[in-house]
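Single-structure report; data block below.
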Ligand SMILES: [Ca+2]
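In the numbering used here, the protein residues as written are 4 to 349.
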């Protein structure tokens with residue numbers, strides 16, 4: 004009895020687990036599902052295990068808003084991709100007192116044309132890159148013992164240097180931006196950031212900063228966005244000698260998190276552009292939730308720079324010129340800055 008009791012004790016959970024798995028598989032096989040597949044300029048909707056009663060109507064919504072969707076068969080439907088903006092969406096079918104939903108993710112492949120090319124100092128290991136309100140271009144260059152910042156103005160034929168800073172030998176400079184009328188400079192592993200008055204360009208504060216500092220850009224009057232090489236962006240504010248984190252967003256596309264976010268650029272207080280380190284891609288991010296809305300493939304420009312210069316390194320440096328609605332793009336040790344006009348932005 005003792006032996007049988009032992010076997011029963013061992014066998015019962017195994018048999019129960021096996022039966023339970025069978026029933027899970029059976030349930031999964033019969034579960035109604037709505038699957039959305041991207042096809043050129045449209046989306047194909049496939050229904051599985053969902054009974055359609057031909058005498059009853061089908062009502063569709065995208066994010067709760069009623070839409071009209073073309074029927075191909077009882078199990079396949081279709082709608083134009085222009086029906087949805089970039090980002091995450093939910094498609095729901097209401098039919099015969101039943102409801103079924105599926106999610107989709109639209110990322111726009113952004114197109115551009117190069118409207119002009121201007122020279123870039125090819126001795127700069129570009130880290131920070133932005134225009135101020137007076138159309139002056141600010142650029143920071145990294146590496147230990149070589150870090151510096153320049154304030155420049157393009158006069159139509161050459162760059163005029165208006166101001167500059169040389170950092171201490173132990174400082175590896177990274178992103179730069181303006182906040183509350185001062186320049187803010189981030190450092191890679193120094194565990195602090197510095198603020199500088201603008202006239203004269205002079206260090207005013209050194210504020211503790213935890214972790215690695217990579218990219219920096221404006222968050223309007225609200226603060227700054229900071230990257231650290233991960234998929235997270237932090238919105239920060241400076242108060243006295245302290246740095247406060249106001250918000251963190253996780254940047255991801257339909258596949259998962261986008262790591263190696265580097266130089267940043269804010270646009271229209273809605274979007275953030277980010278260089279993806281060691282790639283020739285720039286992503287367009289929704290400031291609200293970190294959703295990647297668009298992808299800008301600049302591999303043609305990257306290959307061009309690397310073919311004309313042995314030293315040319317990664318794409319890094321995005322400056323948005325608001326008045327002209329152009330993006331000024333460069334890279335580490337690149338010989339050129341490319342002025343881009345986007346032709347299908349959202
Ligand atoms: Ca920038």
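By construction, the Cβ of each residue, glycine as well, lies at the ideal position given by its N, Cα and C atoms. Computed from a prediction, not measured in an experiment: that's the story for all the values here.
- Within the same chain, and ignoring the five residues on either side of residue 247 in sequence, the residues whose Cβ sits closer than 6 angstroms to its Cβ are 240.
- Residue 112 sits close to residue 297, with the two beta carbons spaced by under 9 angstroms.
- Any heavy atom of ligand 1 within less than 6 angstroms of a residue's beta carbon puts that residue on the list, which reads 132, 133, 220, 266, 267, 268, 321, 322.
- The distance from the Cβ of residue 334 to that of residue 219 is about 18 angstroms, inconsistent with a contact at the 8 angstroms cut-off.
- Boundaries of the alpha helix (DSSP H) around residue 311: 302–311.
- The beta carbon of residue 90 lies closer than 6 angstroms to those of 294, 296 in the same chain, with the five residues before and after it left out.
- For residue 134, the enclosing beta strand (DSSP E) covers residues 129–134.
- Closest in C-alpha terms to residue 179, from the list 78, 303, 145, comes 145.
- Counting only residues of its own chain and dropping the five nearest sequence neighbours on each side, residue 274 has a CB closer than 8 angstroms to the CB of 287, 288, 289, 290, 296.
- The continuous stretches of beta strand (DSSP E) do not include residue 232, and DSSP gives it neither H nor E.
- With contacts defined by Cβ atoms closer than 9 angstroms, residue 330 and residue 318 do not form a contacting pair.
- DSSP places residue 343 in the strand class (E or B) of the three-state scheme.
- Residue 222 counts as buried, since no fewer than 16 other beta carbons sit within 10 angstroms of its beta carbon.
- In the displayed model, residue 32 falls within a helix according to three-state DSSP.
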